[in-house]
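Each residue of the sequence shown is one higher than the last, beginning at 416 in this note's numbering. All C-beta atoms in this analysis are idealised placements derived from N, C-alpha and C, irrespective of residue type, glycine included.
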Amino acid sequence: MRKIHFLTLLAVLGIGLVFTSCKDKDKPKDPVSVNTITIDATAYDAWVYFSFKEGEVVEVADFATSTAWDIGFHRYDLRVNGGEAGPGEGGTFATGENNFAAVTTAPESGYVSNDFIDVAVDVTVMPPVMEHVPGDQVLATWVTMTYGQQGPEYTYSNEIFVVKTADGKYAKVWLKDYFNADGESGHVTMKYSYQPDGSTKLD
Numbered sequence: 416m417r418k419i420h421f422l423t424l425l426a427v428l429g430i431g432l433v434f435t436s437c438k439d440k441d442k443p444k445d446p447v448s449v450n451t452i453t454i455d456a457t458a459y460d461a462w463v464y465f466s467f468k469e470g471e472v473v474e475v476a477d478f479a480t481s482t483a484w485d486i487g488f489h490r491y492d493l494r495v496n497g498g499e500a501g502p503g504e505g506g507t508f509a510t511g512e513n514n515f516a517a518v519t520t521a522p523e524s525g526y527v528s529n530d531f532i533d534v535a536v537d538v539t540v541m542p543p544v545m546e547h548v549p550g551d552q553v554l555a556t557w558v559t560m561t562y563g564q565q566g567p568e569y570t571y572s573n574e575i576f577v578v579k580t581a582d583g584k585y586a587k588v589w590l591k592d593y594f595n596a597d598g599e600s601g602h603v604t605m606k607y608s609y610q611p612d613g614s615t616k617l618d
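See the structure below:
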C-alpha cells in the first residue's frame, strides 16, 4: 500500500510540475519599456557614449576597446559598438518604418557594421577641420542638413532603426530632434525600447 501511495504522490507531483512548466512557458513576457532621453552632444571635439543596459550616458576612456557603451553621439554623427567602431557585436538595421509602435520585432540578420565617416571637429575656421573616424553610415540618414538663406536647415527622416548592442541584444531607436528647448543644436533626443533578455521582442 505504501508503494502505491508513493507512486500516486509522484504522479501527482509530476503532473503539477508539467502544469507549472506549461503555465510559465505560456505566460506572456512583460512589455518592453519605452524611454526618451536627450543627449548633450554639443561638443565638436568629443563623443558622448550611451549604454542601453544602464539607461544612461557612460564614461568611456577608449571607445575602440570598451564594451561598456552601445551608441555614441557627436553632434548629429553616430556610431555603435561594432565593426570599425568597437569590439562589440553592434550593428544597425534601417526598418524603413516611421511608426515607432509598428516595429515590434528585431530582425535576426541584416545589420550593417560601422565603417568610417567624416565629422567636423573644429568649426571656428573655414573650411571646418574634418576627421575620418569610425561611425555609422546607416544612422547618418536620421537627419539631413542643408544651407538655406537663414543658415543651416535640418530635415529629419523619422525612420525607426534597430540597433544591435555591444553584447548582442536589441534596441529600437527613433532619433527625434537635434535641438533643445532653447533652440540650441547638438542636443539629440532619442526615443528607444531596449530588450534586456536578448530576445527579438521589442514591444
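Taking all protein chains shown into account, decide if residue i is buried (16 or more other Cβ within 10 angstroms of its Cβ) or exposed.
i, result
"Asn450", "exposed"
"Asn529", "buried"
"Tyr593", "buried"
"Ile452", "exposed"
"Ala500", "buried"
Measure the beta-carbon distance from residue i to residue j and round it to whole angstroms, keeping in mind my assumption that it falls under 8 Å.
i, j, result
"Thr520", "Thr580", "The pair is not a contact, with the Cβ atoms about 16 Å apart (cut-off 8 Å)."
"Ile575", "Val518", "5 Å"
"Val553", "His489", "Not quite, the Cβ-Cβ distance comes to about 16 Å (not below 8 Å), so this is no contact."
Please classify residue i: does DSSP put it in a helix, a strand, or coil?
i, result
"Gly505", "coil"
"Gly525", "coil"
"Ile486", "strand"
"Gly566", "strand"
"Thr556", "helix"
Return the bridge partner residues of residue i from the DSSP annotation.
i, result
"Phe531", "Pro549"
"Ala586", "Val578, Tyr609"
"Phe594", "Ser600"
"Glu471", "Ser466"
"Tyr459", "Per DSSP, none; premise fails for Tyr459."
"Leu493", "Phe488"
"Thr626", "This structure cannot speak to residue 626, because the chain is shown only from 416 to 618."
With a threshold of 7 Å, establish whether the CB of residue i neighbours any heavy atom of the ligand NAP.
i, result
"Asn496", "The ligand NAP is not among the ligands present in this structure, which contains no ligands whatsoever."
Sufficient close CB pairs (3 or more, under 8 Å) joining the segment 554-564 to the segment 537-546: no
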